[in-house]
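Shown next, in structure tokens, is the structure this report addresses.
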Amino acid sequence: MKYIDISGNFGIERETLRVDSRGRLAQTPHPFAYDPHITRDFCENQIELVTKVASSVEGALQHLAELDRHVQAVLAQNGERLWLYSNPPHFDYEDEIPIADFTGDHSSKRSYREVLERKYGKKLMLYSGIHFNFSFTEDYLQALNTEQQDPRSFRDALYLRLYKQLMRHSFLLVLLTAASPFYDASLDKEGKSGIIKSKYTSLRNSERGYWNRFLPILDHSSLQAFTDSIRRYIDSGALYSASELYLPIRLKPRGVNSLGALAENGVDHIELRMFDLNPSAPLGIDVKDLTFAHLLMVYLLSLPDTDFTPEQQVQAVQAHQHAALLAPEPELLERAEHILTEMAQFYAGQEEPLAVIASELEKLNARKVGCCCTGSQIYE
Numbered sequence: 357m358k359y360i361d362i363s364g365n366f367g368i369e370r371e372t373l374r375v376d377s378r379g380r381l382a383q384t385p386h387p388f389a390y391d392p393h394i395t396r397d398f399c400e401n402q403i404e405l406v407t408k409v410a411s412s413v414e415g416a417l418q419h420l421a422e423l424d425r426h427v428q429a430v431l432a433q434n435g436e437r438l439w440l441y442s443n444p445p446h447f448d449y450e451d452e453i454p455i456a457d458f459t460g461d462h463s464s465k466r467s468y469r470e471v472l473e474r475k476y477g478k479k480l481m482l483y484s485g486i487h488f489n490f491s492f493t494e495d496y497l498q499a500l501n502t503e504q505q506d507p508r509s510f511r512d513a514l515y516l517r518l519y520k521q522l523m524r525h526s527f528l529l530v531l532l533t534a535a536s537p538f539y540d541a542s543l544d545k546e547g548k549s550g551i552i553k554s555k556y557t558s559l560r561n562s563e564r565g566y567w568n569r570f571l572p573i574l575d576h577s578s579l580q581a582f583t584d585s586i587r588r589y590i591d592s593g594a595l596y597s598a599s600e601l602y603l604p605i606r607l608k609p610r611g612v613n614s615l616g617a618l619a620e621n622g623v624d625h626i627e628l629r630m631f632d633l634n635p636s637a638p639l640g641i642d643v644k645d646l647t648f649a650h651l652l653m654v655y656l657l658s659l660p661d662t663d664f665t666p667e668q669q670v671q672a673v674q675a676h677q678h679a680a681l682l683a684p685e686p687e688l689l690e691r692a693e694h695i696l697t698e699m700a701q702f703y704a705g706q707e708e709p710l711a712v713i714a715s716e717l718e719k720l721n722a723r724k725v726g727c728c729c730t731g732s733q734i735y736e
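Per this note's numbering, the sequence shown starts with residue 357, numbered consecutively.
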């Protein structure tokens, strides 16, 4: 039996909307002074909690719990609370969706959001979710670098390889963590109301969700080629900035998150952006789901590196969107089951990983018999 090292560095970003006592979008200013761990996303009433880097999933969740308690306590004083659903509550007009009011040194963030408003409208920006950030430890990277390659070049190539595999396999995480089959009719048309059960288990991951108006095709032959291919879309005006690249996986640099920093300094960590808020989990995310995502990344790194052609990039996004359907194609479910079976073989003899994989397989089987799996809760 071989032991698979599953150490790493972990961080969580959680987006949630602030609502008033009626469950409507809060119209008050962001009630927290500048804090890198409590900020805003697109909307002034959309709080984003950003944990410190932790050495375990549990450690990241512990910090998220601390931030959540503080935020909930402050909001309660104003008669507000957090809306722990990925789909927004009822609203009458888009005027109830104020753009995050960044000023001073951060005024460029507001300018960017104004561009998004003109391009996509504000409804799309109400979707909220979980972003999971991960990096391998330096010791782990050194152990993998058996040919003593340049550390920076080796790290960049490794994360780019993982990026390609995660793009191909992102559909699996959508199948297992989609948690938003219901939405308010106001999301379809202003003035409408009433709860709708959609044909999706996750609107934000479906074709109705966070996507560009075109599918950016990227060059994955090297990190330089990758960043250059994104830069060409920006230079042509197709993208305002790299932040507008709406794909479920991102490569991130250390410090300031910019395309220039990624090209100059290399990859620091990888971000998975597809997780719905799980209303049956106290913090909006289940520890088993994040642990599984980590196990998946370690497993994917064991697979041979392959090309990621334009056709394969299109197929990967289509699979991701199809996985958000209430009734995905049987072939997609069979493919998911095969991956879980392969993962169980990869982690053979390691009790904790196998228990997590078994839990995810149970959820997948629930999908196969026609239920809507929402995290750890199943709606028939």
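Idealized CB from N, CA, C, for every residue including glycine.
Beta-carbon spacing of residue i, residue j below 8 Å
{"i": "Gln418", "j": "Glu371", "result": "no"}
{"i": "Ser484", "j": "Val530", "result": "no"}
{"i": "Leu696", "j": "Glu716", "result": "yes"}
{"i": "Ala416", "j": "Gly367", "result": "yes"}
{"i": "Leu766", "j": "Leu618", "result": "A query on residue 766 cannot be resolved here, the shown segment of the chain reaching from 357 to 736 and no further."}
{"i": "Gln428", "j": "Glu563", "result": "no"}
{"i": "Leu633", "j": "Met699", "result": "no"}
{"i": "Tyr539", "j": "Ser554", "result": "yes"}
{"i": "His576", "j": "Phe702", "result": "no"}
{"i": "Arg524", "j": "Ala410", "result": "no"}
{"i": "Ala598", "j": "Ile590", "result": "yes"}
Nearest-angstrom beta carbon gap, residue j and residue i [assumed within contact, 8 Å]
{"i": "Leu516", "j": "Leu500", "result": "In fact, because the Cβ distance is near 14 Å, the residues do not count as touching under 8 Å."}
{"i": "Ser491", "j": "Asp624", "result": "6 Å"}
{"i": "Ile641", "j": "Phe648", "result": "Ile641 to Phe648, Cβ: 11 Å. No contact."}
{"i": "Leu720", "j": "Glu693", "result": "6 Å"}
{"i": "Leu639", "j": "Asp376", "result": "Between Asp376 and Leu639 the Cβ distance is about 22 Å, and since that is not below 8 Å, they are no contact."}
{"i": "Phe488", "j": "Leu646", "result": "6 Å"}
{"i": "Pro537", "j": "Leu682", "result": "6 Å"}
{"i": "Cys399", "j": "Ile486", "result": "With 8 Å as the limit, Cys399 and Ile486 do not qualify as a contact, their Cβ atoms being about 17 Å apart."}
Where the alpha helix (DSSP H) containing residue i begins and where it ends
{"i": "Asp591", "result": "Leu579 to Asp591"}
{"i": "Asn721", "result": "Glu707 to Lys724"}
{"i": "Gly415", "result": "Val413 to Gln433"}
{"i": "Tyr496", "result": "Glu494 to Leu500"}
{"i": "Thr647", "result": "Val643 to Leu657"}
{"i": "Val670", "result": "Pro666 to Ala679"}
8 Å Cβ shell around residue i - same chain, five flanking residues per side excluded
{"i": "Glu452", "result": "Arg380, Leu381 and Gln383"}
{"i": "Leu497", "result": "Pro507, Phe510, Arg511 and Leu514"}
{"i": "Leu659", "result": "Gln521"}
Neighbourhood of residue i by C-beta, 6 Å cutoff - its chain only, sequence neighbours within 5 removed
{"i": "Gln669", "result": "Ile573"}
{"i": "Asp397", "result": "Glu371 and Glu404"}
{"i": "Met357", "result": "Confidence at Met357 is low in this model, with a pLDDT of 47, below 50, so the placement of that residue should be treated as unreliable; the coordinate-derived value is given next. Once the five neighbours on either side are set aside, the close Cβ partners of Met357 are Gly705."}
{"i": "Ala711", "result": "none"}
{"i": "Ile552", "result": "Tyr539 and Ala541"}
{"i": "Lys805", "result": "Outside the modelled stretch of the chain, which goes from 357 to 736, sits residue 805, for which no answer is possible."}
{"i": "Phe388", "result": "Ile394"}
Delimiting residues of the beta strand (DSSP E) encompassing residue i
{"i": "Tyr515", "result": "Segment Pro507 to Thr533 is the alpha helix (DSSP H) holding Tyr515; no beta strand (DSSP E) there."}
{"i": "His694", "result": "Element bounds for His694: not the beta strand (DSSP E) but the alpha helix (DSSP H), Pro686 to Phe702."}
{"i": "Asn489", "result": "Gly485 to Ser491"}
{"i": "Glu369", "result": "Asn365 to Val375"}
{"i": "Glu627", "result": "His625 to Asp632"}
{"i": "Glu404", "result": "Gln402 to Val406"}
{"i": "Leu618", "result": "Counting along the chain, Leu618 falls outside any beta strand (DSSP E), though it belongs to the alpha helix (DSSP H) covering Leu615 to Asn621."}
{"i": "Asp540", "result": "Phe538 to Asp540"}
{"i": "Arg396", "result": "Ile394 to Arg396"}
{"i": "Trp439", "result": "Arg437 to Trp439"}
{"i": "Ile551", "result": "Ile551 to Lys553"}
{"i": "Arg606", "result": "Ile605 to Lys608"}
Neighbourhood of residue i by C-beta, 7 Å cutoff - its chain only, sequence neighbours within 5 removed
{"i": "Val643", "result": "Val413, Glu414 and Leu417"}
{"i": "Ala675", "result": "Phe527 and Leu688"}
**Prompt:** Does the stretch 439-452 come close enough to the stretch 471-483 to have 3 or more Cβ pairs within less than 8 Å?
**Reply:** yes
**Request:** Examine the Cβ distances between the stretch 543-556 and the stretch 570-585 and report whether three or more of them are shorter than 8 Å.
**Result:** Because the criterion of three Cβ pairs below 8 Å is not met, the stretch 543-556 and the stretch 570-585 do not touch.
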